[in-house]
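Residue numbers (our numbering): 716 to 910.
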Ligand code: GLN
């Protein structure tokens with residue numbers, strides 16, 4: 716597969732957009748900031764970054780991204796949500812807020828790690844990603860409280876689910892775009908079906 720030909724969009728309404736664009740380019744993909752739904756057509760996959768999920772949600776509604784991203788998913792394109800992006804993909808949210816994209820069979824607890832641990836780093840083991848452990852950077856992160864049958868749990872921290880995949884949907888409660896470690900973005904790019 717020629718990765719340089721893959722075009723990966725990063726939803727650019729609010730949040731850690733630039734960091735994802737950089738790491739995707741580093742992985743050999745063509746990274747594209749996405750500001751309008753019509754720009755989704757030219758993509759092979761989409762990243763929904765971390766930030767403030769309530770703000771991104773409002774902007775997604777305002778700029779009519781909800782149905783467009785649901786359609787993008789229906790057409791088989793992979794979507795990766797980090798942190799707030801994970802919340803936006805979830806079917807169920809505990810701790811404030813309604814589902815937005817309502818696509819992934821996960822129940823998510825917002826700001827789950829509490830005020831004591833607003834941001835922290837830990838070493839994670841991730842199934843499907845070999846080599847040394849992955850440094851998980853958590854910033855006011857959610858965790859995944861429960862998952863549906865079709866969801867694969869890829870990583871846990873202290874018994875809490877912090878990474879999962881359901882078909883073409885990938886989510887992490889932490890921020891790999893802040894670590895300079897490309898392995899999760901590489902994994903995501905490989906989720907693109909060959910055509
Ligand atoms: N706490 C934020 C929210 O609920 C998510 C934090 C993040 O994306 N780093 O939207």
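Using N, Cα and C, we set each Cβ at its ideal position, and we do this for glycine too.
Being a predicted model, the structure only gives us computed values, none of them experimental.
Does DSSP put residue i in a helix, a strand or coil?
i: residue 806; result: strand
i: residue 716; result: With a pLDDT of 49 at residue 716, under the threshold of 50, the modelled position of this residue cannot be trusted, and the question is left open.
i: residue 732; result: helix
i: residue 824; result: strand
i: residue 844; result: coil
i: residue 873; result: coil
Taking the alpha-carbon positions, what's the residue i to residue j distance?
i: residue 868; j: residue 796; result: 15 Å
i: residue 862; j: residue 881; result: 10 Å
i: residue 825; j: residue 753; result: 30 Å
i: residue 871; j: residue 846; result: 17 Å
i: residue 770; j: residue 803; result: 11 Å
i: residue 779; j: residue 836; result: 35 Å
i: residue 731; j: residue 766; result: 6 Å
i: residue 720; j: residue 830; result: 42 Å
i: residue 718; j: residue 827; result: At residue 718 the pLDDT is 48, less than 50, meaning the model places this residue with poor confidence; the figure from the coordinates comes in the next sentence. Cα to Cα, the separation comes out at about 35 Å.
i: residue 794; j: residue 761; result: 5 Å
Bridge partners of residue i, per DSSP?
i: residue 768; result: Bridge partners of residue 768: none, in fact.
i: residue 851; result: 837
i: residue 774; result: Answer by DSSP bridge pairing: none, since residue 774 is not bridged.
i: residue 879; result: 868, 886
Take residue i as the anchor and find which of the options has the nearest alpha-carbon.
i: residue 851; options: 865, 862, 876; result: 876
i: residue 671; options: 721, 888, 830; result: No statement about residue 671 is possible, as the shown extent of the chain runs from 716 to 910 and does not include it.
i: residue 728; options: 773, 756, 734, 866; result: 773
i: residue 865; options: 906, 794, 819; result: 819
i: residue 854; options: 884, 890, 878; result: 890
What do you reckon, are the CB atoms on residue i and residue j nearer than 8 Å?
i: residue 805; j: residue 821; result: yes
i: residue 897; j: residue 798; result: no
i: residue 840; j: residue 823; result: no
i: residue 817; j: residue 792; result: no
Using a Cβ-Cβ distance under 8 Å, would residue i count as near chain D?
i: residue 737; result: Absence of chain D from the displayed structure is noted, only one protein chain being present.
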